[in-house]
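Chains as they are written, first to last, in my numbering: chain H, 1 to 113; chain P, 1001 to 1114.
Cβ coordinates follow ideal geometry from the N, Cα and C atoms, glycine included.
Here's the structure, in structure tokens; my notes come after.
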Amino acid sequence: DGGITQSPKYLFRKEGQNVTLSCEQNLNHDAMYWYRQDPGQGLRLIYYSQIVNDFQKGDIAEGYSVSREKKESFPLTVTSAQKNPTAFYLCASSPAGAVDEQYFGPGTRLTVT
Amino acid sequence: AQSVAQPEDQVNVAEGNPLTVKCTYSVSGNPYLFWYVQYPNRGLQFLLKYITGDNLVKGSYGFEAEFNKSQTSFHLKKPSALVSDSALYFCAVTRGSTLGRLYFGRGTQLTVWP
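Take a look at the structure:
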């Protein structure tokens, strides 16, 4: 099956701890994205990457970090500097052209207490 | 700057009736427009897109959307709603120079009553 996997589905952490969310795709897509979803706010872009070893900040990058060492993987680290990390995190990928739709993973719900 | 507005947080319709979910956009240059659907605790699923050509775009599950350049709108429609259409719907816009970066609206919760 081709697609995007995110793990784990639910994640619980104590305040002050860094946590890494996994995102893997086997669609051979060049571009990958991380979004944060909060109720009533739609999707906000955290980071995106158009090619391996390169990535750009989105609208809400503060307190987050990413890496893109392999085409199929784009992990997101939520650091202790993120003021309000509890949210639903969505990873997506696309063939990188503007006309191409993005394919989304099932999401990870992070709860920090 | 690119942006999308979905003026209704909630839309309620009876099963069998037509439904419309509204979207207006702001973008410099030619827009590329998308609709996605999200079921509870799931990722987004692509429904349809407008890139160029015919203003009426047909997509998955019987949905369609009409691009109106003068009104800068891209409303999602379906002639006959199903209870299973109940979900959260997102409109998104981009333009060619942004290389696939999408700007999403806040979403509209559609509820179809049996």
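Anything in chain A within Cβ reach of residue i, meaning under 7 Å, just list it in chain order.
i: residue 1104 (chain P); result: In the displayed structure, chain A is absent; the protein chains listed are H and P.
Verify the CB distance criterion: does residue i have a CB-CB separation below 7 Å to chain H?
i: residue 1069 (chain P); result: no
i: residue 1107 (chain P); result: yes
i: residue 1044 (chain P); result: yes
i: residue 1022 (chain P); result: no
Rounded to whole angstroms, what's the CA-CA distance from residue i to residue j? Just pull it up for me.
i: residue 91 (chain H); j: residue 1053 (chain P); result: 30 Å
i: residue 31 (chain H); j: residue 69 (chain H); result: 13 Å
i: residue 1082 (chain P); j: residue 36 (chain H); result: 29 Å
i: residue 1087 (chain P); j: residue 1043 (chain P); result: 12 Å
i: residue 1069 (chain P); j: residue 1110 (chain P); result: 25 Å
i: residue 1029 (chain P); j: residue 45 (chain H); result: 22 Å
i: residue 8 (chain H); j: residue 53 (chain H); result: 24 Å
Compute the distance between the beta-carbons of residue i and residue j, then report whether it is under 7 Å.
i: residue 82 (chain H); j: residue 107 (chain H); result: no
i: residue 1078 (chain P); j: residue 1019 (chain P); result: yes
i: residue 85 (chain H); j: residue 66 (chain H); result: no
i: residue 72 (chain H); j: residue 15 (chain H); result: no
i: residue 1055 (chain P); j: residue 1067 (chain P); result: yes
i: residue 1093 (chain P); j: residue 1011 (chain P); result: no
i: residue 47 (chain H); j: residue 109 (chain H); result: no
i: residue 1049 (chain P); j: residue 1034 (chain P); result: yes
i: residue 80 (chain H); j: residue 18 (chain H); result: yes
i: residue 1104 (chain P); j: residue 42 (chain H); result: yes
Requested in this report: Starting from the N-terminal side, write out each stretch of the beta strand (DSSP E) that is 3 residues or longer and does not extend beyond the stretch 78 to 110 of chain H.
Outcome: 87 to 94
Query raised in the report: Closer than 9 Å, Cβ to any Cβ of chain H: which residues of the stretch 1030 to 1042 of chain P, in chain order?
Result: 1032, 1034, 1036, 1038, 1041 and 1042
Query - Members of the stretch 1070 to 1093 of chain P that neighbour chain H once the beta carbon cut-off is set at 7 Å - result: Correct list: 1090.
Report task. Residues of the stretch 1051 to 1064 of chain P with a CB closer than 8 Å to any CB of chain H: list them in chain order, please. Result -> 1051
Query - Residues of the stretch 82 to 112 of chain H whose Cβ lies closer than 9 Å to any Cβ of chain P, in chain order - result: 88, 90, 91, 92, 94, 95, 96, 97, 98, 99, 100, 101, 102, 103, 104, 105, 106, 107 and 109
Query raised in the report: According to a CB-to-CB cut-off of less than 7 Å, which residues of the stretch 47 to 68 of chain H neighbour chain P?
Result: Closer than 7 Å at the C-beta level to chain P, one finds these residues of the stretch 47 to 68 of chain H: 48 and 50.
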